[in-house]
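Engineer: Under the numbering used here, think of the first position of the sequence shown as 534, with each following residue one higher.
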Amino acid sequence: MKFHRVSLRDYKAIRSFVIEPRETGVTIIEGENEVGKSSIAEALWLVFDQTDDSSSAAVRNLKPAGRDASTEVEVDVSTGQYRFTYFKRFHRGSRTELRIAAPRQETLTGREAHNRARQILDETMDRALWEALRLQQGASLEPLNAGDHQSLLRALDVAAGELLGGDREQTLFERIEQEFLRYWTSTGREKASGDGPNAPRLRRARDEAQAEAERIAARIASLEERANRSTELSDQIATVVADLERLKEQQGELSRQDEARQRLAGSVETTAARTAQLEGEANRIANQLAARDSVEASLALRKSAFDRARVELDEIAAPLAEASARLVQLEAAAAEAEQAIGAANRSAASAEEFVRLSERELQVTQMSERLARIESNEPELRGVIGWLNGCKVDRRALQEIAGAEREVERIRGLRESEGASIEVSALEATALEVDGQEAEIGPDRTYSGKVHGVSTLRLPGGIVVRISAGAAARELEGALAAATAALEECLAQAGVESAQEARETWDARIKSEERRKFLMEQIRADLRDLSADALREKLERERAAIGTIRDAAQAGVPESLDTAKTLRDRALQAARDAVEAGKLVSQDLQDARSRVEQLERQQFELSTSLKSVAAEVARHEAELLRLDQERGDRPLADELASARAAVDAATAKLAEGRLALAALPDVSATRTTVATELAGVERRLQEARDERARDVGVLDDAGAEGLHGLLSGAEQQQMEAAQELGAYERRATAAKRLFDTMTRRREEARENYADPMRRAIEGLGKRVFGPSFGIELSEALQIMRVTRSGEWLDVGQLSVGMREQLSVLTRLACASLVSASDGAPVVLDDVFGWADPVRLQKLGPILADAARETQVLLFTCHPRRFDSVAPARVISLPTGRVEERREGDMAPAPEVAPRAAGAAGRSTVTARTGTPQAAFDLFGEPEAAGTR
């Protein structure tokens, strides 16, 4: 699969963007952080994975912040025999549209278009491999597990094709596998489903036949046991009947004895109840007598307590009056202390205001100094920026001028070596003419020179000599003229007259860049989070506010910040002293209040106690009067004596009855035991009779079943099931042994798969890590170990940088192996972050070479990191400018346009030479200098 065009609109921070990457080779998309590079990479997957009405978090996050706009993605793709354009709009007005141009034209919309696009991808490429060839920012550094991808395995099949025996071997293996799958699952477990016999089903049939035979045999043994048990039950029933008659006679005798004893016990209980009644009456009279004595004693005590409480209440009145007067005095003192504290706090607050006023005046002075520096630096900065904008000597121009100058010098040297040498001398002083110019020769003067084309010498006497240089010299003369013209053109484009002036201009540019950076940092430090106008406006507001405060305070403002702080400290100390004095008065006031509350509480408690004691005295007097009224004319002592005499007589009668009851034996327990035993014997008799009847019925029914014949048939069925199971297991074991052997031999042959993969990775790795580089692949075709200079290391022992480089090289190798069949673009997002400069110089050409048959999209925020990648197409964001980098070119350093002081937003990257490929906008307009 290859992307020919990608278009995004209102995609996160991107307003609009169009890119046309190279169909094969490397396309570098470069730009600063947060400019949207990762969003472009994300869109390549998301347009195929998510439906236009999806509510997933991935789709919700596409919506541009603060704008009610729909996100649109459109890609122009070719994969296999298909060429199509796929469009999706998310959020408001969601829409999906698929326009297929080849192999035949189709136009679909909605969910049908989504499903058709996924169907095309599934038909023409390995989507899992496509996902694996993507290396995102922050992704795992583990090398690609190539064994997980069928398209790569198919490519390796082609590379190792003759090692597996060809089609004949494949057909034989398929038949063996078909026979194996009759008995086993693909994972090697016994087959337990489907039609026809299988091992679990045959075992179940054998076990069921065996269980049926065992059931019938157990049935016969059980019937024989029942017959023996029936005989035993007949003997038990006779014994139990004799025990039953004996127990019934014993139960009748015990009932008669127990009834006689129960009658005597009832008479004793009646006498006991009468005795208890008489004792209760005697106790009631005794309690009445004791209660009256207690009331008289308690009444005397209450009258004494009443007298004491009245005396204590009178004694507490004087201290309470004295404490109340003291409380009034302290409350007045506390009010005066509170007023003093308020006055001290107001004085301290006023002093604090003067301190803040002095600090604001100091800040005004500092802001004035900052504003003065800004007004001084801004004109110089504008001049520096203007000069830099007009300066045409950049790194590329300097390199081109230097290269042209070296070429002129090289050709001039070659011309000198290839030109014809002439030398003319004379015995006497003579004049001659060389190419129209006169020259003097003589005994001590010789004319010599070089001829690069045709020269004419005129000698005295009319002698004319023409000298011609060789063809190589004449060609070098033309090349020198062309090289000189190229140098002059480079100088003219750079706006200088000589290479030395270009170098001096470059040095001046470097110094101007440093000065611009210094001035911008100085202005930014002085502006902080304000613009120049905002700083000037804030300064005026502060000055006006300070003037207003000074006018209101008139002469009360201190002369300096130190004086204000001294006055504030004095006011604060006075406030603290007032607070301490107030605390002492407050403590005395609290003590006085506590004393008054204590005395009032004691007075209340004594008053309450006096009322309670008076009520108790009245209650006891009423109780004593009631008792006297209930007694009547007869004294309580006489009544108590008569009641106790009646109790003594009843007690004597009760003792006689108890002696007579004790003389009779208590047979109730024995009677209960005999009744329980009788019930048990009757139950056993009935159970024995029921069991014998059941056994007789079962034996009668079993006689008609023919159990011995059924047992013989079940044993025969068991034997046949066991034989069928044995035959099935032997066939299954043979099929499994043949399949395992064939599979093992095929796996041994398939180990040769690793050779194409290993050669592809090592071919790339040797160019980076040296000729001793080698790898070891796992069964899953994943890099397990690496060697350099004969020392093997596990992948986990390698540095982060080398693991990342191996991860990229593995993906490039996989892409190159499958590029002709199931190829997919390789997407690399800010890779080689841990590579050193020397390693980067090696990786660039390798990346370009490996991508000659593969589409590679490389996203980076460090353009210089990939200067050595050529050929490549370089697209700069956010300008959208494109450069076609040829093999052998070295990309120039990016030029950063200066930004006015206080300007917000990112620096603008000056586009490299070339035509802009597309418009690219971020949300929001660039802010003017000096604004926020």
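Don't be surprised by glycine CBs; every beta carbon is placed ideally from N, CA and C.
Just so you know, these numbers come straight off a predicted model, no measurement behind them.
Put L1020 into one of helix, strand or coil per three-state DSSP.
Structural biologist: Counted from its first residue, the sequence shown places residue 1020 at position 487. In this structure, L1020 counts as helix in the three-state DSSP scheme.
Engineer: I'd like to confirm the pairing. Which residues does DSSP put opposite T657 in its beta bridges?
Structural biologist: Here residue 657 is taken as the residue at index 124 of the sequence shown, counted from 1. DSSP lists no partner for T657.
Engineer: Is it buried or exposed, F550, if we count other Cβ atoms within 10 angstroms and call 16 or more buried?
Structural biologist: Here residue 550 refers to the residue found at position 17 of the sequence shown. F550 is buried by the Cβ-count criterion.
Engineer: So, with DSSP's three-state summary, where would you put L1310?
Structural biologist: Within the sequence shown, the letter at position 777 stands for residue 1310. Of the three classes helix, strand and coil, the one that applies to L1310 here is strand, per DSSP.
Engineer: Helix or strand or just coil, what does DSSP make of R622?
Structural biologist: What you label residue 622 is simply residue 89 of the sequence shown in a count that begins at 1. In the structure shown, R622 adopts extended strand secondary structure according to DSSP, grouped into three states.
Engineer: How would you label D1273, buried or exposed, when you count the other beta carbons within 10 angstroms and need 16 or more for buried?
Structural biologist: As a position in the sequence shown, residue 1273 is number 740, starting the count at 1. For D1273, the number of other beta carbons within 10 angstroms of its own is below 16, and it is reported as exposed.
Engineer: Since F581 and P554 should fall inside the 8 Å C-beta cutoff, what is the C-beta to C-beta distance between them, to a whole number of angstroms?
Structural biologist: Taking the first residue of the sequence shown as 1, we reach residue 581 at position 48. Taking the first residue of the sequence shown as 1, we reach residue 554 at position 21. Wrong, their Cβ atoms sit about 17 Å apart, outside the cutoff.
Engineer: What first and last residue would you give for the beta strand (DSSP E) that runs through D1327?
Structural biologist: Within the sequence shown, residue 1327 is the residue found at index 794, counting from 1. Unbroken beta strand (DSSP E) run through D1327: 1324–1327.
Engineer: If you draw a straight line from the alpha carbon of A1434 to that of E1010, how long is it in whole angstroms?
Structural biologist: The residue given as residue 1434 occupies position 901 in the sequence shown. The residue given as residue 1010 occupies position 477 in the sequence shown. With a pLDDT of 34 at A1434, under the threshold of 50, the modelled position of that residue is not reliable, and no figure is offered here.
Engineer: Helix, strand or coil, according to DSSP, for I849 in the structure here?
Structural biologist: Translated into the one-based positions of the sequence shown, residue 849 becomes position 316. Three-state DSSP puts I849 in coil, outside helix and strand.
Engineer: Start and end of the alpha helix (DSSP H) containing R1048?
Structural biologist: In the sequence shown, the residue the question calls residue 1048 occupies position 515. Taken as a continuous stretch (DSSP letters only), the alpha helix (DSSP H) holding R1048 covers 1032–1060.
Engineer: Whole angstroms are fine: how far does the CA of A742 sit from the CA of L714?
Structural biologist: Reading the sequence shown from its first residue, position 181 is the one you call residue 714. Reading the sequence shown from its first residue, position 209 is the one you call residue 742. Looking at the two C-alpha atoms, the distance is approximately 28 Å.
Engineer: Tell me the residue span of the beta strand (DSSP E) that contains L1410.
Structural biologist: Within the sequence shown, the letter at position 877 stands for residue 1410. Segment: none, L1410 is in no beta strand (DSSP E) and carries neither H nor E.
Engineer: In whole angstroms, what separates the C-alpha of Q1330 from that of L1345?
Structural biologist: Locating residue 1330 in the sequence shown gives position 797, where the first residue counts as 1. Locating residue 1345 in the sequence shown gives position 812, where the first residue counts as 1. Cα to Cα, the separation comes out at about 23 Å.
Engineer: Using DSSP bridges, identify the partner residues of G975.
Structural biologist: Mapped onto the sequence shown, residue 975 falls at position 442. According to DSSP, G975 bridges with R978.
Engineer: For W920 and Q1055, what's the separation of their Cα atoms in angstroms?
Structural biologist: In the sequence shown, counting from the first residue as 1, residue 920 sits at position 387. In the sequence shown, counting from the first residue as 1, residue 1055 sits at position 522. So the alpha carbons of these two residues sit roughly 19 Å apart.
Engineer: Just list the residues that DSSP pairs W717 with in beta bridges.
Structural biologist: Looking up residue 717 in the sequence shown gives position 184. Note: W717 sits in a beta bridge opposite E723.
Engineer: So does the region 603–610 actually touch the region 563–574, counting three or more Cβ pairs closer than 8 Å?
Structural biologist: A contact between stretches requires three or more CB pairs, one per stretch, nearer than 8 Å, and the region 603–610 fails this requirement with the region 563–574.
Engineer: Please confirm whether R1101 and V888 have their CB atoms less than 8 Å apart.
Structural biologist: By one-based count along the sequence shown, residue 1101 stands at place 568. By one-based count along the sequence shown, residue 888 stands at place 355. For R1101 and V888, yes; Cβs fall inside 8 Å.
Engineer: What does a CB cutoff of less than 7 Å around E940 pick up in its chain, not counting 5 residues either side in sequence?
Structural biologist: Looking up residue 940 in the sequence shown gives position 407. These residues qualify, in order along the chain: A1016.
Engineer: Would you say D1362 touches the ligand ZN, meaning its beta carbon is less than 7 Å from a heavy atom?
Structural biologist: This structure simply doesn't include the ligand ZN, nor any ligand for that matter.
Engineer: Looking at P1404 and R1414, is the spacing between their C-beta atoms short of 8 Å?
Structural biologist: Taking the sequence shown and counting its residues from 1, the one referred to as residue 1414 is at position 881. Taking the sequence shown and counting its residues from 1, the one referred to as residue 1404 is at position 871. Judged by their CB atoms, R1414 and P1404 are not nearer to each other than the 8 Å cut-off.
Engineer: When the Cα of S909 is compared with those of I749, E747, L1052, E745, which residue comes out closest?
Structural biologist: The residue labelled residue 909 in the question sits at position 376 within the sequence shown. Taking only the C-alpha atoms, the option nearest S909 is L1052.
Engineer: Determine the direct distance from the alpha carbon of Q1135 to that of R859, and round the result to whole angstroms.
Structural biologist: Locating residue 859 in the sequence shown gives position 326, where the first residue counts as 1. Locating residue 1135 in the sequence shown gives position 602, where the first residue counts as 1. One C-alpha to the other measures close to 18 Å.
Engineer: What is the rounded straight-line gap between the Cα of L1391 and the Cα of V1407?
Structural biologist: Numbered from its first residue, the sequence shown carries residue 1391 at position 858. Numbered from its first residue, the sequence shown carries residue 1407 at position 874. Cα-Cα distance, rounded: 9 Å.
Engineer: Are there 16 or more other CB atoms within 10 angstroms of the CB of I770, so buried, or fewer, so exposed?
Structural biologist: As a first step, residue 770 must be located in the sequence shown, where it is residue number 237. Looking at its Cβ environment, which holds fewer than 16 other Cβ atoms inside 10 Å, I770 is exposed.
Engineer: Just to check my reading of the structure: A591 and Q583 have Cβ atoms closer than 8 Å, yes? What is that Cβ distance to the nearest angstrom?
Structural biologist: Numbered from 1 along the sequence shown, position 58 holds the residue referred to as residue 591. Numbered from 1 along the sequence shown, position 50 holds the residue referred to as residue 583. Contact holds; Cβ gap of about 6 Å.
Engineer: What does the alpha-carbon distance come out to for the pair Q1374 and T1276?
Structural biologist: Here residue 1374 refers to the residue found at position 841 when the sequence shown is read from its first residue. Here residue 1276 refers to the residue found at position 743 when the sequence shown is read from its first residue. Answer to the nearest angstrom: the Cα atoms are 46 Å apart.
Engineer: Helix or strand or just coil, what does DSSP make of D1199?
Structural biologist: Residue mapping note: residue 1199 aligns to position 666 of the sequence shown, counting from 1. Three-state DSSP puts D1199 in coil, outside helix and strand.
Engineer: For the putative contact between T1387 and T557, defined by C-beta atoms under 8 Å, what is the C-beta separation to the nearest angstrom?
Structural biologist: Here residue 1387 refers to the residue found at position 854 when the sequence shown is read from its first residue. Here residue 557 refers to the residue found at position 24 when the sequence shown is read from its first residue. Between T557 and T1387 the Cβ distance is about 6 Å, and since that is below 8 Å, they are a contact.
Engineer: Can you tell me which of the three DSSP states D1362 falls into?
Structural biologist: Residue 1362 sits at position 829 when you count from the first residue of the sequence shown. Here D1362 sits in strand by DSSP.
Engineer: I'd like to know whether the C-beta atoms of E1075 and R906 end up nearer to each other than 8 Å.
Structural biologist: Position 542 of the sequence shown, counted from the first residue, corresponds to residue 1075. Position 373 of the sequence shown, counted from the first residue, corresponds to residue 906. Using a Cβ distance threshold of 8 Å, E1075 and R906 do not count as a contacting pair.
Engineer: Given 8 Å as the limit, is there contact between the region 732–746 and the region 1239–1257, that is, 3 or more CB pairs closer than that?
Structural biologist: yes
Engineer: Have a look at V917 and L895 and give me their C-alpha separation to the nearest angstrom.
Structural biologist: Residue numbering aside, residue 917 sits at position 384 when the sequence shown is read from its first letter. Residue numbering aside, residue 895 sits at position 362 when the sequence shown is read from its first letter. Between V917 and L895, the C-alpha separation is close to 33 Å.
Engineer: Would you tell me roughly how many angstroms separate the C-alpha atoms of A1005 and L965, rounded to the nearest one?
Structural biologist: As a working mapping, residue 1005 is identified with position 472 in the sequence shown. As a working mapping, residue 965 is identified with position 432 in the sequence shown. The alpha-carbon atoms of A1005 and L965 are separated by roughly 28 Å.
Engineer: Would you tell me roughly how many angstroms separate the C-alpha atoms of R957 and T963, rounded to the nearest one?
Structural biologist: Locating residue 957 in the sequence shown gives position 424, where the first residue counts as 1. Locating residue 963 in the sequence shown gives position 430, where the first residue counts as 1. The sequence shown places Val at residue 957, not Arg. If I take the Cα positions, the gap works out to 11 Å.
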